[in-house]
Structure formats: C-alpha cells, structure tokens
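Undergrad: Okay, here's the structure, questions in a sec.
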Amino acid sequence: MPLLRVTDLRTHFHTRNGVYRAVDGVSFSVERGETLGMVGESGSGKSVTCYSIMGLVPQPPGRIESGSAMFDGVDLLRCSPGEARSVRGKRIAMVFQDPMTSLNPYLRISEQLIEPLLIHESVTRREALRQAHGMLEAVGINDAGHRIHFYPHEFSGGMRQRVMIAMALITRPELLIADEPTTALDVTVQAQILELIRSLQRELGMAVIYVTHDLGVVAGLCDRVQVMYAGRIVEEADADRLFREPLHPYTRALQRSIPSLQAKGRELFTIPGAPPDVSKPLPGCAFAPRCGFAADACTAGVPELAEAAPGHSHACIRARAGEIGPDA
Amino acid sequence: MEENILELRDVRTHFPIHKGFLVRRRTGAVRAVDGVTLSVRQGEVLGLVGESGCGKSTLARTILHLVPITGGAVILHGRDLGRASRAELLACRRDLQMIFQDPYASLNPRMTVHAMIAEPLLAHGICSKKDVQGRVDELMTLVGLAPRFARKYPHEFSGGQRQRIAIARALALRPRIIIADEPVSALDVSIQAQILNLLSQLCRGMNLSLVFIAHDLSVVRHISDRIAVMYLGRIVELGPAEDVIDRPRHPYTRALVSAIPVPDPGVERARKRIVLPGDPPSPINPPQGCAFHPRCPYAVDRCRLEVPLLAPAGPSREAACIRLDELP
C-alpha cells in the first residue's frame with residue numbers, strides 16, 4: 005500500500021474573474037522512502053496540489069471540489085480537524101520556497117524549532133530544545149548551541165532554508181513535501197541543500213515530494229517524476245525513463261528548451277505561445293494550442309493519463325496511437 | 311569585433327556604512343565592486359556570472375552611473391564617463407541602455423506600452439511627435455509584439471511579454487551596448503528560451519554589444535561569447551564561454567560549474583560534485599588575501615596573505631589564483 009494516494013484531486017479557486025481550475029483531476033501515489041519529483045511551469049498547479057494535501061488552501065476563494073488523499077488509511081481531505089492535525093506537521097511536513105518569508109521574524113528560531121515537538125509529542129521544553137539542537141547540527145549549522153538563540157534575520161538565505169528543513173524534520177516525518185526549496189538560492193547553496201535532503205532521507209527513510217521547475221534538480225534527486233501542465237499530470241515515469249524517452253510532446257519540449265542540452269550558437273528550441281489561462285474552458289488537451297503535433301482529435305476530448313509501458317503513463321492520444329516517432 | 315566599445319579600468323564601488331544618530335560617523339564600507347578591469351568589444355556578448363551578493367548588479371549600475379563610482383574609470387567609446395558633464399553623460403546614456411531583472415517591477419503600471427517606448431524617443435528628441443507612432447510600431451514588431459497592443463498596460467501582459475516591452479524600450483535609442491541584469495531569471499524555462507533567442511538575434515542583427523548578467527551558468531554559456539566570473543567584487547576568471555564552463559581553471563569556477571544540476575539522471579549519478587562549505591563571506595569584512603580561500607578546497611597558507619591578480623591562463627583566458635599551475 006502506498007504511503008500517500010491522491011485520487012482525482014480538483015482544487016478550484018472561485019474569484020470575481022471566474023473559476024480558476026488550478027488542479028483539475030490529479031491522481032498519484034507516493035511509496036515509503038521514495039522521492040517523487042513534481043515538475044511544471046508556474047501556474048501548472050504543482051504547488052496547489054501540495055497545499056491541498058497539507059490543508060493550506062485558503063477557503064474561500066479556494067475549494068476542493070472532489071478527490072481524496074489517503075495517507076495511511078486517513079483521508080486528509082475529509083477527516084476531522086483533529087485527525088488532520090495529528091498527521092500534518094508531524095507525519096507529513098512541508099518546506100516552502102521562500103525561507104525569507106516563511107519563518108516568523110519575531111521569534112527566536114529555538115521557539116520555532118521546538119513548536120512542533122511541544123504540540124505533537126509529550127516532551128519537556130528542555131528535551132525539545134535538546135532535540136532541536138541535535139537537528140540543527142544534523143542540517144549542518146555550525147555552532148548550533150549558540151545560533152539556536154538567533155532570530156531569522158541573523159541567518160543567510162541558505163542557512164534559513166536549513167533552519168526550515170530542521171523544523172520540518174524535527175518530528176521525523178514519514179513524508180516531506182518540499183515546494184521549490186532551492187529556487188531562491190544560489191547554485192552552490194542549492195547543491196548543499198540537495199545533498200542535505202538526500203542524506204537525511206537515507207537516514208530517516210522518509211518519502212519526499214519535490215516540487216520544482218528545474219529538470220536538472222529532478223534528474224539528480226528523484227526516483228520518479230510527474231510532469232504537470234494546466235492543472236493536470238501529462239506524464240509520469242521513472243526518472244531514468246522520463247529523461248531517456250519522454251513520450252508526451254510537452255515533456256519533450258520542456259526537455260529541449262534547456263539551454264545546456266543544446267549546441268551553442270544555435271537558436272534555442274522554444275515552445276511557442278504561453279501557458280493557458282485556466283479560468284477559461286480548455287477543450288480537449290490543454291497543450292494542444294502550443295503543440296507541434298496537435299491534430300483535430302486533440303481538441304475533441306480531454307486525454308486521460310494512461311499507462312503506455314509498465315510504470316510509464318502519459319496523456320497524449322497521438323503518442324499513444326504511435327503517430328509521434330521518437331525522433332520527431 | 312576588434313574595437314573595444316566599453317572599458318572598465320580598476321572600477322571600485324564602495325558603499326559607506328554610517329553609525330550613530332546625531333553624530334554620524336563612517337565606520338566602514340561595503341566593497342561591492344572592488345577593482346574590476348574588463349573590456350567589451352563591439353558586437354560581443356559578455357556574460358557576467360556569480361552568486362548573489364558578488365557585486366554583479368552593482369557593477370552594472372556603476373557602468374551606467376546609476377550609483378556613484380568610488381574609484382577607477384568607465385570608458386565608453388574613449389570617453390571617461392566619470393569626468394563627463396551632465397550633458398555628455400546624457401548623450402552617453404543613449405549608447406548605453408539597461409534591461410532589469412523583474413519585468414513586473416521595472417515597468418510603470420500607469421503607462422501604456424506606447425507611452426513607455428515613446429518616452430525615451432521624445433526625451434532625447436530623436437523623434438518628432440508625428441514620427442513617434444511609426445517608430446514605436448517598428449520597435450514592437452522588432453521584439454515580437456503586435457503593434458495593436460500599444461494601448462495596453464503592463465498588467466495585461468505575461469512575464470515574457472513584459473520583458474519584450476523592456477527590451478523594446480532599451481532599443482528605442484539605438485544603443486551600442488545593452489546591459490541586461492538577470493533578464494530571464496524571473497521567467498519559466500519555455501519563455502526563457504524565447505527571450506534568449508530574441509536577445510541573441512538582436513545582437514547579431516544590429517551589431518549590438520551585450521553585457522549579460524545571470525547566475526544560471528547554462529544560460530550564460532549559451533548566449534555569451536566570453537564569460538567573466540565574479541566573486542566578492544572581483545573578477546576571478548575570464549575567457550571564451552565554452553572554455554570557461556567546460557574547462558574551468560579557477561577553483562571557484564570549478565565549484566560553480568559542478569553545482570549546476572545536469573538534466574540527465576545517468577550523468578548526475580556518475581559525476582562528483584564539489585560542494586562548497588559555508589556561504590560567501592561579507593563584502594564588509596572580506597577575508598585577507600584571496601577572498602575565496604576560506605571556502606577553497608585547495609587553499610594553502612600563501613592564499614591567506616597574497617591577493618591574487620588576474621593572470622593569463624591559457625589562450626585568451628585569465629584567472630586570479632596563485633596556485634593555478636599547481637592545481638590537479
């Protein structure tokens with residue numbers, strides 16, 4: 005049984021300008037100890053998917069229209085607030101993109117680090133502080149005994165992200181959701197943080213959902229990858245397989261737009277147009293207007309995500325019909 | 311290609327730090343740019359890379375004299391901008407234009423696209439009122455925007471389109487050189503490629519020089535002819551783009567290159583990554599000797615004493631490391 009199974013999740017935002025279907029029928033699962041990469045451009049619904057699981061979607065304007073998120077027998081989308089609290093922050097933890105704004109500037113980090121322990125576990129303050137100290141050392145903060153009493157502004161960006169990770173991991177969660185944790189950081193610091201997540205994951209055996217728009221990060225970190233576009237999953241496969249033989253035209257286009265993979269001096273491959281407005285009805289495949297392989301059938305109905313090979317699914321009717329060759 | 315259009319000679323930009331409320335005393339300085347010597351040839355794309363806080367944006371602002379220069383000289387076309395009168399500086403700025411990082415912040419939300427592109431034309435008296443319309447249309451077409459959008463406001467455009475507006479505005483005065491400060495960092499991968507293609511087309515088509523500032527090395531490698539790597543206010547390595555990225559000499563460049571995630575799981579697993587310890591030091595109290603020595607895996611005692619200067623390191627390459635020939 006997977007650790008987390010999300011089925012047909014739909015999260016819509018009801019605003020004055022219409023209904024934004026941010027997440028529109030997403031199903032996936034995460035096994036224990038596995039790293040799942042969630043890739044997509046901004047507005048593809050990857051963050052909202054995570055927020056829905058964590059119960060962080062502001063309601064209103066957001067509304068979870070349908071779906072379930074079964075975590076170890078509990079449906080996180082429907083359970084009582086008490087049940088949800090016993091899971092969120094303890095067994096599932098989250099790290100956010102921007103370490104500058106997700107720590108409370110008025111509290112010393114010691115207070116913020118021990119808060120989850122004091123809430124979820126019956127420990128004394130002294131014991132909680134001892135554990136917080138250990139966790140800070142584990143995420144590579146030197147002189148943790150002294151720095152635990154610092155305020156967030158006394159740390160650099162990379163250090164703050166380490167504090168965030170320490171905070172998330174202090175309850176030894178079974179699942180860590182990391183929402184673009186390195187996007188705001190420099191590449192050298194990103195390398196440090198990725199290394200840290202990798203080693204802590206080995207140690208604690210937790211599963212990780214890693215949200216990013218950077219295919220490079222996914223390649224180094226994830227076992228399995230799912231690609232999102234306009235609120236839906238368009239392709240899902242093992243990392244090796246996805247990079248070796250992507251099947252969906254969007255995944256291929258995304259892969260081909262990365263500058264490092266292209267010969268220098270040549271024009272970069274681009275995807276024409278821009279991601280669609282999810283508040284407007286999209287007939288058929290959402291990628292069809294930008295897709296080089298689009299045919300009439302593509303706009304006739306919404307293509308379902310279906311398995312093309314064991315462990316490799318995609319949602320493209322033309323790829324399934326074998327009409328898009330590997331070199332096309 | 312042979313003529314130098316822009317020359318920087320030992321440029322220094324320090325920001326004084328004041329303490330005290332009633333009696334303000336100068337207690338130190340942030341040495342944001344600390345002795346940069348560099349030249350840009352006509353029609354050349356020079357990439358400038360480095361971590362946040364290394365001074366690359368300050369250098370850009372210093373070139374345009376948007377911040378006061380502390381020492382050294384910026385020479386545009388044989389004319390020292392520091393000694394130029396206000397009128398001369400105004401004329402020089404016609405040749406020197408800038409594109410900023412955040413197209414959401416750099417465009418005035420209350421001005422239409424037409425007004426924004428027309429403003430420099432009218433301010434510099436390049437166009438008469440009746441020719442403006444034609445020139446604005448021409449510029450919009452040049453950057454790939456339909457002239458019928460001229461009456462729209464910035465909020466009606468996507469990030470990529472806004473960056474096109476910023477480019478059109480920079481091109482309005484037919485500059486000889488454009489300084490682009492992280493022009494694609496705020497954009498999605500697929501949109502990034504569109505803007506990069508546009509910039510390199512424009513440079514080639516108009517024999518325009520471009521100083522391209524970014525922290526993403528794969529992007530810089532793609533667009534640049536030469537790359538300069540900055541660390542704590544100084545250039546540590548300079549050379550042809552592919553050489554610098556594919557065969558880095560300076561230990562800092564090596565670490566930077568090894569930190570770039572490669573979008574290929576096989577390669578990612580196989581390669582060894584140099585993870586730098588710690589964060590970049592503060593430019594208020596830069597370390598003695600080589601600024602990189604506290605994080606450098608190859609540092610010896612000598613590095614703490616001597617400030618390394620840029621020295622030839624192979625054909626048309628320079629690097630600032632005293633141990634260059636001793637490194638493995």
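Quick mapping for you: the protein sequence lines, in order, are chains R and W.
Quick note on this note's numbering: the first sequence kicks off at 5 and runs consecutively.
Quick note on this note's numbering: the second sequence kicks off at 311 and runs consecutively.
Even glycine gets a Cβ: it sits at the ideal position worked out from N, Cα and C.
Given the structure is predicted, the values throughout are model-derived calculations rather than measurements.
Closer than 7 Å by C-beta to methionine 311 of chain W: which residues in its own chain qualify, once you throw out the five before and the five after it? Chain order, please.
TA: In this predicted model, methionine 311 of chain W has a pLDDT of only 44, less than 50, meaning its place in the structure is not dependable; the value taken from the coordinates is given anyway. If we look at methionine 311 of chain W and ignore the five residues flanking it on each side, its Cβ neighbours are Arg351, Gln352, Gly353, Glu354.
Undergrad: With which residues is methionine 98 of chain R paired in a DSSP beta bridge?
TA: In the DSSP output, where bridge partners are listed per residue, methionine 98 of chain R has R:Ile181.
Undergrad: According to DSSP, simplified to helix, strand and coil, what is glutamate 271 of chain R?
TA: Glutamate 271 of chain R: coil per DSSP, three-state reduction.
Undergrad: So, with DSSP's three-state summary, where would you put glutamine 230 of chain R?
TA: Reduced to three states, the DSSP call for glutamine 230 of chain R is strand.
Undergrad: Measure how close the beta-carbons of leucine 358 of chain W and methionine 516 of chain W come, nearest whole angstrom, since I'm counting them as under 8 Å.
TA: Actually they do not touch by this definition, with Cβ atoms about 21 Å apart.
Undergrad: Going by DSSP in three states, serine 317 of chain R sits in which element: helix, strand or coil?
TA: Of the three classes helix, strand and coil, the one that applies to serine 317 of chain R here is strand, per DSSP.
Undergrad: For the beta strand (DSSP E) holding glycine 71 of chain R, just list the boundary residues, first then last.
TA: Its beta strand (DSSP E) spans residues 66-75.
Undergrad: Helix, strand or coil: which one does DSSP assign to tyrosine 541 of chain W?
TA: Residue state, collapsed to three classes: strand.
Undergrad: Give me the Cβ distance between histidine 328 of chain W and arginine 335 of chain W, rounded to the nearest whole Å; I'm assuming they're in contact under 8 Å.
TA: The Cβ separation is near 7 Å, so the contact holds.
Undergrad: Grouping DSSP H, G and I as helix and E and B as strand, with all else coil, what is histidine 705 of chain W?
TA: Summary: the structure shown does not reach residue 705 of chain W, with chain W confined to residues 311 through 638, and so no result is reported for it.
Undergrad: Closest by CA to leucine 356 of chain W, which one among W:Ala630, W:Ala551, W:Glu578?
TA: Answer by Cα proximity: W:Ala551.
Undergrad: Would a C-beta distance cut-off of 8 Å place methionine 210 of chain R and glutamate 178 of chain R closer than the cut-off?
TA: Result yes, Cβ atoms of methionine 210 of chain R and glutamate 178 of chain R sit closer than 8 Å.
Undergrad: Cβ of threonine 192 of chain R less than 8 Å from any chain W Cβ?
TA: Yes, contact with chain W.
Undergrad: Using a threshold of 8 Å, state whether the C-beta atoms of cysteine 600 of chain W and proline 587 of chain W are closer than that.
TA: For cysteine 600 of chain W and proline 587 of chain W, no; Cβs fall outside 8 Å.
Undergrad: Could you work out which residue in W:Leu483, W:Ala482, W:Leu400, W:Gly469 is closest to proline 493 of chain W when comparing CA atoms only?
TA: Nearest option by C-alpha distance: W:Gly469.
Undergrad: Of the choices R:Asp183, R:Ala142, R:Leu180, whose alpha-carbon is the least far from that of methionine 163 of chain R?
TA: When only C-alpha atoms are compared, the closest one is R:Ala142.
Undergrad: What residue does the beta strand (DSSP E) around proline 326 of chain W start on, and which one ends it?
TA: 314-329 is the extent of the beta strand (DSSP E) around proline 326 of chain W.
Undergrad: Rounded to whole angstroms, what's the CA-CA distance from isoleucine 96 of chain R to glycine 22 of chain R? Just pull it up for me.
TA: Spanning the two alpha carbons is a distance of roughly 32 Å.
Undergrad: Give the straight-line distance between the Cα atoms of leucine 80 of chain R and leucine 8 of chain R, rounded to the nearest whole angstrom.
TA: Spanning the two alpha carbons is a distance of roughly 10 Å.
Undergrad: Going by CA-CA distance only, name the one from W:Val529, W:Pro573, W:Gly392 that's closest to glycine 360 of chain W.
TA: If we check each option's Cα against that of glycine 360 of chain W, W:Val529 comes out closest.
Undergrad: In this structure, does DSSP put threonine 11 of chain R in helix, strand or coil?
TA: Reduced to three states, the DSSP call for threonine 11 of chain R is strand.
Undergrad: Can you find a C-beta in chain W that's less than 8 Å from the C-beta of alanine 223 of chain R?
TA: Yes - at least one Cβ of chain W is within 8 Å of the one on alanine 223 of chain R.
Undergrad: Do you know how far the Cα of lysine 440 of chain W is from the Cα of valine 696 of chain W?
TA: Any answer about residue 696 of chain W is impossible in this case: the structure gives chain W only from 311 up to 638.
Undergrad: Please check if any C-beta of chain R sits within less than 8 Å of the C-beta of methionine 311 of chain W.
TA: Low per-residue confidence applies at methionine 311 of chain W: pLDDT is 44, beneath 50, and the placement is therefore not dependable, though the value from the model is reported in the following sentence. False, the Cβ-Cβ gap to chain R never drops below 8 Å.
Undergrad: Which residue spans inside the region 187-219 of chain R form an unbroken alpha helix (DSSP H) run of at least 4?
TA: Listed in chain order, they are 191-208.
Undergrad: Please state if the CB of proline 279 of chain R and the CB of glutamate 45 of chain R are separated by a distance shorter than 8 Å.
TA: Contact: yes.
Undergrad: Along the beta strand (DSSP E) that carries leucine 356 of chain W, what are the first and last residues, could you check?
TA: Residues 355-359.
Undergrad: Could you check whether the Cβ of lysine 284 of chain R sits closer than 8 Å to any Cβ belonging to chain W?
TA: Chain W, which has no Cβ nearer than 8 Å to the Cβ of lysine 284 of chain R, makes this no.
Undergrad: Grab the span of the beta strand (DSSP E) containing phenylalanine 522 of chain W for me, first residue to last.
TA: Segment 519-524, the beta strand (DSSP E) holding phenylalanine 522 of chain W.
Undergrad: Run through chain R and tell me which residues come within less than 9 Å of valine 529 of chain W, C-beta to C-beta.
TA: Within 9 Å Cβ-Cβ: Pro263, Ser264.
Undergrad: Considering only the alpha carbon of each residue, which of W:Asp589, W:Ile584, W:Arg564 lies closest to alanine 629 of chain W?
TA: Checking every option, the nearest Cα to that of alanine 629 of chain W belongs to W:Arg564.
Undergrad: Measuring only between beta-carbons, confirm whether histidine 465 of chain W sits less than 8 Å from chain R.
TA: It does not; no Cβ of chain R falls within 8 Å.
Undergrad: Could you name the residues that DSSP lists as bridge partners for leucine 406 of chain W?
TA: Partner(s): W:Ile487.
Undergrad: Give the DSSP-derived three-state secondary structure of tyrosine 110 of chain R in the structure shown.
TA: Residue state, collapsed to three classes: coil.
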